[in-house]
Amino acid sequence: MLAALWQEKAVLAADPRVTAARERWIAAAAGWLDDARCGLFVAERDGQIVGYIAGWIQPHPGILGDALGMITELALDAHSYQGGVGRALVDHLRAWYAERGVTALTVWASRRSAVEQAFWRSLGGVNWMELLWIKS
């Protein structure tokens, strides 16, 4: 179910590479469950998963402390209204970070998704760094 939410989010972002990536994502996500650096949480409604969030602790010593919390994925089932689910998932992940002493957070958010941008800005997100893509 998490892979279906991930794929739906990627399709809505109009990324043509989605189809081939689904199996690789499933294999990677299975490993996240055993990785102490990763917080992966799901939201359920009526026994169905309606969203998930994934975040990582990235060592980053400097003026922001010793680590950054990187929220890399947030996806909600777009087939019905999920009022408050996104915020609840973020709150849960933020608490997980706080338990580990991580107070500086970053978010990966697609420029192509106005809804996603608006959501993170409503939680206080501001432009900080420019993420550049370099093909090797």
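Here the sequence shown is numbered in my numbering, starting from 468 and rising by one per residue.
Where is the CB? At the ideal position from N, CA and C, for every residue including glycine.
These numbers were taken from a predicted model, which means no experiment stands behind them.
Open item on the list: Do residue 524 and residue 504 have their beta-carbon atoms positioned less than 8 Å apart in this structure?
Closed with: Position 37 of the sequence shown, counted from the first residue, corresponds to residue 504. Position 57 of the sequence shown, counted from the first residue, corresponds to residue 524. Yes, they are a contact pair.
Task: residue 537 versus residue 507: straight-line alpha-carbon distance, rounded - done: Counting from one through the sequence shown, the residue named residue 537 turns up at place 70. Counting from one through the sequence shown, the residue named residue 507 turns up at place 40. Residue 537 and residue 507: Cα-Cα distance of roughly 12 Å.
Open item on the list: So for residue 590, helix, strand or coil by DSSP?
Closed with: In the sequence shown, residue 590 corresponds to position 123, counting from 1. DSSP places residue 590 in coil when its eight states are reduced to three.
Task: Coarse secondary structure for residue 552, derived from DSSP in three states - done: Here residue 552 refers to the residue found at position 85 when the sequence shown is read from its first residue. If DSSP states are grouped into helix, strand and coil, residue 552 belongs with the helices.
TODO: Assign residue 570 to buried or exposed, taking buried as 16 or more other Cβ atoms, counted over all protein chains shown, within 10 Å of its Cβ.
DONE: Mapped onto the sequence shown, residue 570 falls at position 103. That one is exposed.
Open item on the list: Judging by CA-CA distance, which residue of 572, 542, 556 and 516 is the nearest neighbour of residue 596?
Closed with: The sequence position of residue 596 within the sequence shown is 129, counting from 1. Selected option, being the one with the closest Cα: 572.
- [ ] Would you list the residues sitting across from residue 519 in a DSSP beta bridge?
- [x] Within the sequence shown, numbered from 1, the residue matching residue 519 stands at position 52. Answer is 509 and 542.
- [ ] Measure the Cβ-Cβ separation of residue 472 and residue 542 and say whether it is below 8 Å.
- [x] By 1-based counting over the sequence shown, the position of residue 472 is 5. By 1-based counting over the sequence shown, the position of residue 542 is 75. For residue 472 and residue 542, yes; Cβs fall inside 8 Å.
Task: Inter-residue Cα distance where the pair is residue 567 and residue 560 - done: Taking the first residue of the sequence shown as position 1, residue 567 is located at position 100. Taking the first residue of the sequence shown as position 1, residue 560 is located at position 93. Cα-Cα distance, rounded: 11 Å.
TODO: State the DSSP-derived secondary structure class of residue 572, mapped to helix, strand or coil.
DONE: As a first step, residue 572 is located in the sequence shown; it is residue number 105 there, counting from the start. Residue 572 falls in the strand class under three-state DSSP.
Open item on the list: According to DSSP, is residue 498 part of a helix, a strand, or is it coil?
Closed with: Mapped onto the sequence shown, residue 498 falls at position 31. Correct three-state label for residue 498: helix.
TODO: Could you name the residues that DSSP lists as bridge partners for residue 534?
DONE: As a position in the sequence shown, residue 534 is number 67, starting the count at 1. Beta-bridge pairing links residue 534 to 526.
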